[in-house]
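Residue numbers (the numbering used here): 51 to 260.
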């Protein structure tokens, strides 16, 4: 077996390290859904969301809230992630002007690493904004597993730990979402990609001359 390609790659990565390589975590939504337009709702002020299990260590980089018309939120929303004991691990205020990605507007947070094999709860304060339930379809990122919905009435913009649930496995109400990426899922910055390409070309030319 020719091990030269592996040695070339190792040399290139070592060079990037010397040059101050940095990586970027790839952000993906916790879930993507097709809401049923007949089931967008706003019937009270809730702290609601869902419980999920981590199938592998993940990094949460942004918290989001549903923008049903993709035309701007009418108000700000507190969004957070709790552990099962009710401790708030991370939170953010999603603003009407925050960037839209799919059906949700996201606000960046300091990276939150969640270990594998544990349960957490994502929740958001709905206010007067519409949230959705009973989507036509929903697809979860494979790094997490949906467990059950969570909800409780709240006041104002008070993000509380939601303790009520409709039952395990039922797909119910959705207001919050979050962006995640596996801790090891990094890509080179553009300048590093250029260095990789040039270094690889030089090594390939030297090999050709032999």
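Backbone N, C-alpha and C fix where the C-beta goes; we use that ideal spot for every residue, glycine too.
>> According to DSSP, is residue 79 part of a helix, a strand, or is it coil?
In response: On the chain shown, position 29 is the one that residue 79 refers to. It is a strand residue.
>> Less than 7 angstroms between C-beta atoms, sequence neighbours within five positions excluded: which residues of the same chain meet that for residue 89?
In response: Counting from 1 along the chain shown, the entry for residue 89 is found at position 39. Cβ neighbours of residue 89 beyond the five flanking positions: 182, 183, 184.
>> Going by DSSP in three states, residue 87 sits in which element: helix, strand or coil?
In response: Taking the first residue of the chain shown as 1, we reach residue 87 at position 37. Residue 87: helix per DSSP, three-state reduction.
> With a CB to CB cut of under 7 angstroms and the five nearest residues on each side skipped, what residues in its chain are close to residue 70?
Replying inline: The residue labelled residue 70 in the question sits at position 20 within the chain shown. Note that residue 70 scores a pLDDT of 44, beneath 50, so its modelled location is shaky and nothing firm can be said.
> Buried or exposed: where does residue 168 fall if 16 or more other Cβ atoms within 10 Å of its Cβ makes it buried?
Replying inline: The residue you call residue 168 lines up with position 118 of the chain shown. Its Cβ having fewer than 16 others within 10 Å, residue 168 is exposed.
> If you follow the beta strand (DSSP E) that residue 155 is part of, which residue opens it and which one closes it?
Replying inline: On the chain shown, residue 155 is found 105 positions in, with the first residue counted as 1. Boundaries of the beta strand (DSSP E) harbouring residue 155: 154-164, taken from the DSSP string.
>> Given this structure, state the Cα-to-Cα distance separating residue 192 from residue 105, to the nearest angstrom.
In response: For the purposes of this step, residue 192 is taken as the residue at position 142 of the chain shown. For the purposes of this step, residue 105 is taken as the residue at position 55 of the chain shown. In this structure, the CA atom of residue 192 is about 8 angstroms from the CA atom of residue 105.
>> For the pair the region 113-130 and the region 142-152, tell me if three or more CB-CB distances fall below 8 angstroms.
In response: With the rule of 3 Cβ pairs closer than 8 angstroms, the region 113-130 counts as touching the region 142-152.
>> Please report the straight-line C-alpha distance between residue 85 and residue 188, rounded to a whole angstrom.
In response: Taking the first residue of the chain shown as 1, we reach residue 85 at position 35. Taking the first residue of the chain shown as 1, we reach residue 188 at position 138. Distance between the alpha carbons of residue 85 and residue 188 is about 8 angstroms.
> Between residue 60 and the rest of its own chain, which residues show a CB-CB distance below 8 angstroms, the 5 nearest in sequence each way excluded?
Replying inline: Taking the first residue of the chain shown as 1, we reach residue 60 at position 10. With a pLDDT of only 43 at residue 60, under 50, the local geometry of the prediction cannot be trusted, and the value read off the model is given with reservation. So the list is empty, once near-sequence residues are dropped.
> In chain order, what residues of the same chain have a beta carbon less than 6 angstroms from the beta carbon of residue 77, not counting five sequence neighbours either side?
Replying inline: Translated into the one-based positions of the chain shown, residue 77 becomes position 27. Excluding sequence neighbours, residue 77 sits near 111, 229, 231.
> Across which residues does DSSP place residue 121 in a beta bridge pair?
Replying inline: If you number the chain shown from 1, residue 121 lands on position 71. Paired residues: none, contrary to the question.
> If we count the other Cβ atoms within 10 Å of its Cβ and call it buried at 16 or more, is residue 99 buried or exposed?
Replying inline: Taking the chain shown and counting its residues from 1, one reaches residue 99 at position 49. Flag for residue 99 reads buried.
> Which ranges would you report for the alpha helix (DSSP H) in the region 180-243 if only whole runs of at least 4 residues count?
Replying inline: Runs found: none.
> Going along the chain, which residues of its own chain have a beta-carbon closer than 8 angstroms to the beta-carbon of residue 205, five neighbours each way excluded?
Replying inline: Stepping through the chain shown from its first residue, residue 205 is reached at position 155. Counting only Cβ-Cβ distances below 8 angstroms, and skipping sequence neighbours, we find 95.
> residue 225 and residue 176 look like a contact to me (Cβ under 8 angstroms); what is the Cβ gap, rounded to whole Å?
Replying inline: Position 175 of the chain shown, counted from the start, is the residue given in the question as residue 225. Position 126 of the chain shown, counted from the start, is the residue given in the question as residue 176. The Cβ separation is near 5 angstroms, so the contact holds.
> How is the beta strand (DSSP E) around residue 133 delimited, first residue to last?
Replying inline: The count along the chain shown starts at 1 and reaches residue 133 at position 83. From DSSP, the beta strand (DSSP E) with residue 133 extends over 127-133.
> Whose C-alpha, out of 83, 81, 132, 186, is nearest the C-alpha of residue 213?
Replying inline: On the chain shown, position 163 is the one that residue 213 refers to. Looking at 83, 81, 132, 186, the one whose alpha-carbon comes closest to that of residue 213 is 132.
> When you compare only the Cα positions, how much space is there between residue 122 and residue 149?
Replying inline: Taking the chain shown and counting its residues from 1, one reaches residue 122 at position 72. Taking the chain shown and counting its residues from 1, one reaches residue 149 at position 99. Taking the straight line from one Cα to the other gives about 9 angstroms.
> Leaving out five residues before and five after residue 223 in sequence, what residues of the same chain have Cβ atoms less than 7 angstroms from its Cβ?
Replying inline: As a position in the chain shown, residue 223 is number 173, starting the count at 1. Cβ-Cβ distances below 7 angstroms link residue 223 to 98, 181, 183, 199, 201 in the same chain, with the five nearest sequence neighbours on each side left out; the list follows chain order.
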